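**Q** With the numbering used here as the guide, the letters of the sequence shown map in order to residues 1 to 183. The beta-carbon is built from N, C-alpha and C at its ideal position, and this holds for glycine as well. Quick caveat: nothing in here was measured; it's all calculated off a predicted structure. Once you've had a glance at the structure underneath, I'll fire off some questions.
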Amino acid sequence: MRRIVIDIDNTLWDLAPVLYERLCAASPGFPHHSQWHSWSFWKGLIPAERLYRIIRDVHMEQDAFEPYGESRDFLERLRTKGFRIIIASHRERETYASTRRWLQRYDLPFDQIHLSYDKTVLFDDCWAIVDDSPATLEKARQSGIIRAGLKNPWNESEDHPLFADLGEIYAYLESRCAAGKKE
Numbered sequence: 001m002r003r004i005v006i007d008i009d010n011t012l013w014d015l016a017p018v019l020y021e022r023l024c025a026a027s028p029g030f031p032h033h034s035q036w037h038s039w040s041f042w043k044g045l046i047p048a049e050r051l052y053r054i055i056r057d058v059h060m061e062q063d064a065f066e067p068y069g070e071s072r073d074f075l076e077r078l079r080t081k082g083f084r085i086i087i088a089s090h091r092e093r094e095t096y097a098s099t100r101r102w103l104q105r106y107d108l109p110f111d112q113i114h115l116s117y118d119k120t121v122l123f124d125d126c127w128a129i130v131d132d133s134p135a136t137l138e139k140a141r142q143s144g145i146i147r148a149g150l151k152n153p154w155n156e157s158e159d160h161p162l163f164a165d166l167g168e169i170y171a172y173l174e175s176r177c178a179a180g181k182k183e
């Protein structure tokens with residue numbers, strides 16, 4: 001089975017609006033998520049420890065947030081194509097239970113959950129990765145792995161295959177699969 005790594009935040013569900021709301025509550029006047037034109041949009045606006053605490057709190061409450069409407073179909077189609085689905089997220093390990101519960105609650109197919117701040121450890125024997133992080137997508141390119149992501153303000157100026165929705169990503173992955181290509 002070929003392995004495919006799928007991110008969660010801003011890939012299977014829309015974290016940005018929720019994060020924006022929480023950041024505004026913590027630091028009034030925070031720029032709207034449509035203005036987050038770099039991965040480090042928050043630097044100089046909020047201390048790192050506070051940002052990471054807010055993100056962890058959102059992850060601990062994952063059950064309160066619905067996935068994108070097409071997330072289940074996207075994952076199911078990958079599984080039907082014979083992929084082993086590894087759900088990978090930059091999350092603290094203590095959020096494992098809430099992450100698993102969320103995936104099960106919304107019947108999102110997966111074979112493995114990987115929570116860490118280094119997804120590159122999954123790149124051995126990995127065929128593709130779907131992620132919104134410019135850094136992760138670049139590391140995938142350097143490793144010769146097929147990569148794709150949803151287009152967002154923080155990654156739209158990057159030179160990676162970025163798409164409007166998961167259906168477009170699936171079509172792209174399917175074309176790469178049919179062509180028998182790696183990167």
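Which residue marks the beginning of the alpha helix (DSSP H) containing residue 55, and which one marks its end?
**A** Looking at the DSSP string, the run of the alpha helix (DSSP H) that includes residue 55 is 48-60.
**Q** I'd like the span of the beta strand (DSSP E) that includes residue 127, first residue to last.
**A** 126-130 is the extent of the beta strand (DSSP E) around residue 127.
**Q** Kindly confirm or deny that the segment 136-148 and the segment 17-31 touch, where touching means at least three C-beta pairs closer than 8 angstroms.
**A** Because the criterion of three Cβ pairs below 8 angstroms is not met, the segment 136-148 and the segment 17-31 do not touch.
**Q** DSSP puts residue 199 in a beta bridge; with which residues?
**A** Only positions 1 to 183 of the chain appear in this structure, which leaves residue 199 out of reach.
**Q** Residue 76 to residue 17, Cα distance in whole Å?
**A** Straight-line Cα distance between these residues: approximately 26 angstroms.
**Q** Return helix, strand or coil for residue 33, following the three-state DSSP convention.
**A** Here residue 33 sits in helix by DSSP.
**Q** If you scan the segment 64-100 from start to end, which runs of the alpha helix (DSSP H) of 4 or more residues do you find wholly inside it?
**A** With a minimum length of 4 residues, the continuous alpha helix (DSSP H) runs that stay inside the segment 64-100 are 71-80.
**Q** Excluding sequence positions up to five away, which residues of its chain have a Cβ less than 6 angstroms from the Cβ of residue 90?
**A** 117, listed in sequence order.
**Q** One question on the structure: do residue 88 and residue 59 come within less than 9 angstroms of each other, judged by their Cβ atoms?
**A** Against a cut-off of 9 angstroms, the Cβ pair of residue 59 and residue 88 comes out as no contact.
**Q** Please classify residue 37 as buried or exposed, where buried requires at least 16 other C-beta atoms within 10 Å of its C-beta.
**A** Residue 37 comes out exposed.
**Q** For residue 159, count neighbouring Cβ atoms within 10 angstroms of its own Cβ and tell me buried if that reaches 16, exposed if not.
**A** The residue in question, residue 159, is exposed, as its Cβ has fewer than 16 Cβ neighbours within 10 Å.
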